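Q: One structure, pasted below without further comment.
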Amino acid sequence: MSARDTILSRLKRTGPGNIDAEAAALLIAPERPAVDESALEAEFLARLALPSVNASHDVIGAIADLPAAIARYLDAQGEPLALCLPPDPRLAPCDWTGFTLHESAAPDEAAALAIARKGIAETGSLIFETSPTAPMLPNFLTLHHIVLLPVKDIAPYLEDAPLPGAQPRAHYWITGVSGTTDIEGTYVRGAHGPRFLHVILLRN
Numbered sequence: 413m414s415a416r417d418t419i420l421s422r423l424k425r426t427g428p429g430n431i432d433a434e435a436a437a438l439l440i441a442p443e444r445p446a447v448d449e450s451a452l453e454a455e456f457l458a459r460l461a462l463p464s465v466n467a468s469h470d471v472i473g474a475i476a477d478l479p480a481a482i483a484r485y486l487d488a489q490g491e492p493l494a495l496c497l498p499p500d501p502r503l504a505p506c507d508w509t510g511f512t513l514h515e516s517a518a519p520d521e522a523a524a525l526a527i528a529r530k531g532i533a534e535t536g537s538l539i540f541e542t543s544p545t546a547p548m549l550p551n552f553l554t555l556h557h558i559v560l561l562p563v564k565d566i567a568p569y570l571e572d573a574p575l576p577g578a579q580p581r582a583h584y585w586i587t588g589v590s591g592t593t594d595i596e597g598t599y600v601r602g603a604h605g606p607r608f609l610h611v612i613l614l615r616n
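Residue numbers are given in our numbering: position 188 of the sequence shown equals residue 600, and the series is strictly consecutive.
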């Protein structure tokens, strides 16, 4: 049998009925990585550590612990205690003594803080929304993108991500930092935004 006959024979066997059955089977049991829904924090952190995401992390017990966690990170990176801070009322309990705070980010801003709406354990993704208290631009201008994520807002799978309630004007997803490879095969990290992603998990 020629190659042409082999292909045509296979196409005849894979008729519309077979294709429909295969499609239905995918809907019944979609292929996706296993996620232990009883350990979402650990699952999310495992994805953050993957080379494809390449993010660092810290864990705090209360929102008041956030400035100290950010100070630890910036000090480890050799950066001054300067931060673009969103005007989010949830940050009111924080004492920013010692920090230089900015309401808007300059193109050479070192670090910006954002609060994620959700995290996805399946991929290590973060979901953000835009609002007057959550400006979008600083998250793409700074060298270090520091993200606060409440553990209670980690969802197991991508399809669990739809946001409840009134929808923002826009929301966007981030999975690690951007990168590109030039014609010589040299990987450049942070080509279209921050070079470093640091996630701070809030347990309470």
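We put the beta carbon where it would ideally sit given N, CA and C, even for glycine.
Predicted model only: the values in this text are computed from it and were never measured.
Where do the N-terminal and C-terminal ends of the alpha helix (DSSP H) with Y618 fall, by residue?
A: This structure leaves residue 618 out entirely; the chain is present only between 413 and 616.
Q: List the endpoints of the continuous alpha helix (DSSP H) containing A494.
A: First-last for A494: A494 to C496, but that is the beta strand (DSSP E), not the alpha helix (DSSP H).
Q: By the 10 Å Cβ neighbour count, where 16 or more other Cβ atoms means buried, how is V611 classified, buried or exposed?
A: It is buried - the Cβ of V611 has at least 16 other Cβ atoms within 10 Å.
Q: Can you tell me which of the three DSSP states P550 falls into?
A: P550 falls in the helix class under three-state DSSP.
Q: Which value, in whole angstroms, describes the spacing of the CA atoms of E491 and A526?
A: Between E491 and A526, the C-alpha separation is close to 18 angstroms.
Q: Quick one, are the C-beta atoms of V465 and E534 less than 8 angstroms apart?
A: Result no, Cβ atoms of V465 and E534 do not sit closer than 8 angstroms.
Q: Among the candidates S516, R444 and Y584, whose CA atom is the shortest distance from the CA of E571?
A: Residue R444 is the option with its Cα nearest to E571.
Q: For the candidate residues T545, Y584, E434 and V563, whose alpha-carbon lies nearest to that of R615?
A: Of the candidates T545, Y584, E434 and V563, the one whose C-alpha sits nearest the C-alpha of R615 is V563.
Q: Assign P501 to one of three DSSP states: helix, strand, or coil.
A: Here P501 sits in helix by DSSP.
Q: Rounded to whole angstroms, what's the CA-CA distance from Y519 to A436? Just pull it up for me.
A: Correcting the residue type first, residue 519 is Pro in the shown sequence and not Tyr. Straight-line Cα distance between these residues: approximately 49 angstroms.
Q: Are there three or more Cβ pairs, one per stretch, closer than 8 angstroms when the stretch 489 to 509 is compared with the stretch 545 to 552?
A: Yes, the stretch 489 to 509 touches the stretch 545 to 552.
Q: So what's S464 in DSSP terms, helix, strand or just coil?
A: Looking at S464 - three-state DSSP - the assignment turns out to be coil, as it is neither helix nor strand.
Q: Quickly, what does DSSP pair E541 with across the bridge? List them, please.
A: E541 is bridged to H583.
Q: So I532 packs on A582, CB below 8 angstroms; how close in whole Å?
A: At roughly 18 angstroms, the Cβ-Cβ gap does not stay under 8 angstroms, so I532 and A582 are not in contact.
Q: Assuming A523 is part of the beta strand (DSSP E), what are its boundary residues?
A: That run of the beta strand (DSSP E) goes A523 to I527.
Q: If contacts are defined as beta-carbon pairs under 8 angstroms, then I586 and S537 qualify, I think. What distance do you get, rounded to the angstrom?
A: About 7 angstroms; that satisfies the 8 angstroms criterion.
Q: Can you tell me whether DSSP reads F608 as helix, strand or coil?
A: Here F608 sits in strand by DSSP.
Q: Whole angstroms are fine: how far does the CA of L503 sit from the CA of F540?
A: If I take the Cα positions, the gap works out to 16 angstroms.
Q: So, for A517: in the same chain, excluding its five sequence neighbours on each side, which residues have a beta-carbon less than 8 angstroms away from its beta-carbon?
A: Excluding sequence neighbours, A517 sits near C496, A524, L549, P550, L553 and T554.
Q: Are the beta-carbon atoms of P479 and H557 separated by less than 8 angstroms?
A: Not in contact: P479 and H557 (Cβ atoms no closer than 8 angstroms).
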